[in-house]
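Residue numbers (UniProt numbering): 1 to 130.
Here's the structure we're looking at; comments come further down.
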């Protein structure tokens with residue numbers, strides 16, 4: 001697609017690539033070492049990708065983790081993709097965020113994605129799944 005920024009050559013360094021996907025540093029990182037992994041073919045969401053694309057993306061996620069571990073030595077990672085506008089997707093080309101996390105980078109990292117869920121639907125009891 002002509003208007004898709006991920007269908008063009010990334011503006012930042014490509015750090016890993018395979019047949020169907022590539023990984024590059026996020027132009028607007030939320031933390032040191034923030035990387036995006038995208039399929040080379042224009043695919044809007046995870047559910048539009050084929051199995052081979054998903055496999056190549058997952059292979060790159062593991063490769064990127066190793067690269068970031070050596071380069072930045074993070075204490076953890078957040079890995080995820082937003083699917084649909086209601087879930088926060090703003091660029092409609094599938095992309096995974098690989099975000100290195102460091103001890104002390106936020107006051108209380110517990111819960112991760114569950115903090116979003118709690119703001120939508122409160123849990124019946126702490127730790128109980130709806």
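A virtual CB, placed ideally from N, CA and C, is assigned to each residue, including glycine.
Under a 10 Å Cβ-count criterion, residue 77 is classified as buried, with 16 or more other Cβ atoms of the shown protein chains found around its own Cβ. Residues of the same chain with a CB within less than 7 Å of the CB of residue 67, apart from the 5 flanking positions on each side, are 15 and 16 in chain order. Annotated three-state conformation of residue 25 is strand, per DSSP.
Cα atoms of residue 23 and residue 85: separation of roughly 23 Å, rounded to the nearest angstrom. Listed in chain order, the non-local C-beta contacts of residue 40 below 7 Å within the same chain comprise 20, 21 and 22, local neighbours out to five positions each way being set aside. Residue state for residue 91 is assigned as coil, using DSSP reduced to three classes.
Beta-bridge analysis with DSSP links residue 99 to 78. Non-local beta-carbon contacts of residue 103 in its own chain, meaning distances under 7 Å to residues more than five positions away in sequence, involve 75 in chain order. Around the beta carbon of residue 53, 16 or more other beta carbons lie within 10 angstroms, which makes this residue buried. In the same chain as residue 43, and ignoring 5 residues on each side of it, the C-beta atoms closer than 6 Å to its own belong to 49 and 94, in chain order. The Cβ atoms of residue 27 and residue 12 sit closer than 8 Å to each other. Looking from the CA of residue 100, the closest CA among 47, 62 and 79 belongs to 79.
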